[in-house]
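Read the sequence shown against the working numbering and you will find it ends at 182, with the numbers running on by one and no gaps. Heads up: the structure comes next, in C-alpha coordinates.
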Amino acid sequence: MRYPGTPDGRYFVVRGRLWRSSNPALSAAERDRLVHELMSARQAVRTALRAGTGLAEARSRVDRAKVALGERGPVWWTDGAPDLNRRMARNTVYADWFSDLDAEPSSGEA
(Lines of atoms letter the chains of each structure in order from A; the text may use other names.)
(Lines give C-alpha, C1' and ligand atoms only; values in the text may rest on other atoms or scores of the structure.)
Protein backbone atom coordinates (compact mmCIF):
# COMPACT_ATOMS: atom_id res chain seq x y z
CA MET A 73 0.00 0.00 0.00
CA ARG A 74 1.27 3.47 -0.86
CA TYR A 75 0.31 6.29 1.49
CA PRO A 76 -0.37 9.83 0.25
CA GLY A 77 2.56 12.19 0.53
CA THR A 78 2.38 15.91 1.23
CA PRO A 79 2.97 18.19 -1.77
CA ASP A 80 6.40 19.19 -0.43
CA GLY A 81 7.45 15.56 0.07
CA ARG A 82 8.24 15.99 3.76
CA TYR A 83 5.57 13.67 5.14
CA PHE A 84 3.24 10.83 4.27
CA VAL A 85 -0.11 10.31 5.96
CA VAL A 86 -1.34 7.17 7.72
CA ARG A 87 -4.80 7.28 9.34
CA GLY A 88 -4.71 11.07 9.30
CA ARG A 89 -1.32 11.39 11.00
CA LEU A 90 1.81 12.90 9.42
CA TRP A 91 4.96 10.76 9.40
CA ARG A 92 8.28 12.21 8.25
CA SER A 93 9.55 10.84 4.95
CA SER A 94 13.13 9.78 4.34
CA ASN A 95 15.58 12.41 3.19
CA PRO A 96 15.29 12.59 -0.62
CA ALA A 97 18.91 13.78 -0.86
CA LEU A 98 20.14 10.29 0.10
CA SER A 99 21.50 8.31 -2.82
CA ALA A 100 19.51 5.22 -3.79
CA ALA A 101 22.37 2.99 -2.62
CA GLU A 102 22.63 4.74 0.76
CA ARG A 103 18.87 4.68 1.25
CA ASP A 104 18.75 0.95 0.39
CA ARG A 105 21.59 0.25 2.83
CA LEU A 106 19.85 2.18 5.61
CA VAL A 107 16.48 0.54 4.96
CA HIS A 108 18.18 -2.86 5.10
CA GLU A 109 19.78 -1.88 8.43
CA LEU A 110 16.39 -0.67 9.72
CA MET A 111 14.71 -3.96 8.81
CA SER A 112 17.56 -5.90 10.43
CA ALA A 113 17.28 -3.77 13.56
CA ARG A 114 13.51 -4.31 13.73
CA GLN A 115 14.10 -8.06 13.49
CA ALA A 116 16.62 -7.72 16.33
CA VAL A 117 13.91 -6.03 18.44
CA ARG A 118 11.55 -8.96 17.82
CA THR A 119 14.30 -11.43 18.70
CA ALA A 120 15.23 -9.49 21.85
CA LEU A 121 11.61 -9.40 22.98
CA ARG A 122 11.39 -13.18 22.68
CA ALA A 123 14.79 -13.74 24.32
CA GLY A 124 14.31 -11.19 27.07
CA THR A 125 17.75 -9.69 26.49
CA GLY A 126 19.37 -7.10 24.24
CA LEU A 127 16.25 -5.00 23.77
CA ALA A 128 17.86 -1.63 24.52
CA GLU A 129 20.63 -2.17 21.95
CA ALA A 130 18.16 -3.39 19.32
CA ARG A 131 15.94 -0.35 19.84
CA SER A 132 18.99 1.88 19.67
CA ARG A 133 19.85 0.36 16.27
CA VAL A 134 16.33 1.15 15.03
CA ASP A 135 16.66 4.73 16.23
CA ARG A 136 20.10 5.18 14.60
CA ALA A 137 18.80 3.88 11.27
CA LYS A 138 15.74 6.14 11.37
CA VAL A 139 17.88 9.18 12.23
CA ALA A 140 20.26 8.35 9.36
CA LEU A 141 17.26 8.07 7.00
CA GLY A 142 16.03 11.48 8.17
CA GLU A 143 12.82 10.10 9.65
CA ARG A 144 13.85 11.14 13.18
CA GLY A 145 16.23 13.68 14.63
CA PRO A 146 17.00 17.01 12.95
CA VAL A 147 14.84 17.80 9.93
CA TRP A 148 16.43 17.40 6.52
CA TRP A 149 14.89 20.53 4.97
CA THR A 150 16.59 23.90 5.32
CA ASP A 151 13.83 26.52 5.07
CA GLY A 152 13.20 26.71 8.82
CA ALA A 153 9.75 25.06 8.67
CA PRO A 154 8.89 23.25 11.91
CA ASP A 155 8.79 19.49 12.26
CA LEU A 156 5.17 18.32 12.27
CA ASN A 157 6.00 14.63 12.59
CA ARG A 158 3.24 12.56 14.24
CA ARG A 159 0.74 15.42 14.26
CA MET A 160 -2.74 15.03 12.86
CA ALA A 161 -2.75 16.46 9.34
CA ARG A 162 -6.06 18.25 9.92
CA ASN A 163 -4.38 20.37 12.64
CA THR A 164 -1.41 21.52 10.54
CA VAL A 165 -0.58 23.70 7.55
CA TYR A 166 -1.49 20.62 5.46
CA ALA A 167 -5.15 20.70 6.58
CA ASP A 168 -6.58 21.99 3.28
CA TRP A 169 -4.51 19.55 1.24
CA PHE A 170 -5.57 16.70 3.53
CA SER A 171 -9.27 17.59 3.36
CA ASP A 172 -9.02 17.59 -0.44
CA LEU A 173 -7.78 13.98 -0.29
CA ASP A 174 -11.08 12.89 1.25
CA ALA A 175 -12.98 14.66 -1.53
CA GLU A 176 -11.16 12.75 -4.30
CA PRO A 177 -12.75 9.44 -5.30
CA SER A 178 -10.52 6.42 -4.80
CA SER A 179 -9.35 4.49 -7.85
CA GLY A 180 -11.87 1.73 -7.10
CA GLU A 181 -14.91 4.02 -7.23
CA ALA A 182 -16.90 4.91 -10.32
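The beta carbon of each residue, even a glycine, is placed where N, CA and C say it ideally should be. Since we're looking at a predicted model, the values are computed, not measured.
Strictly under 9 Å for the Cβ-Cβ distance: is VAL86 near chain D by that measure?
Of the protein chains in the structure, only one exists, and it is not chain D.
DSSP on MET160, reduced to helix/strand/coil?
Looking at MET160 - three-state DSSP - the assignment turns out to be strand.
Note down the Cα distance separating GLY81 from ARG87, rounded to an integer number of angstroms.
17 Å
Quick test of your reading: VAL85 and PRO76, contact by CB under 8 Å. State the CB separation rounded to the nearest angstrom.
5 Å
Distance check for ALA123 and GLY180, CA to CA, integer angstroms please.
No answer about GLY180 holds up, because its pLDDT of 49 lies below 50 and its placement is not dependable.
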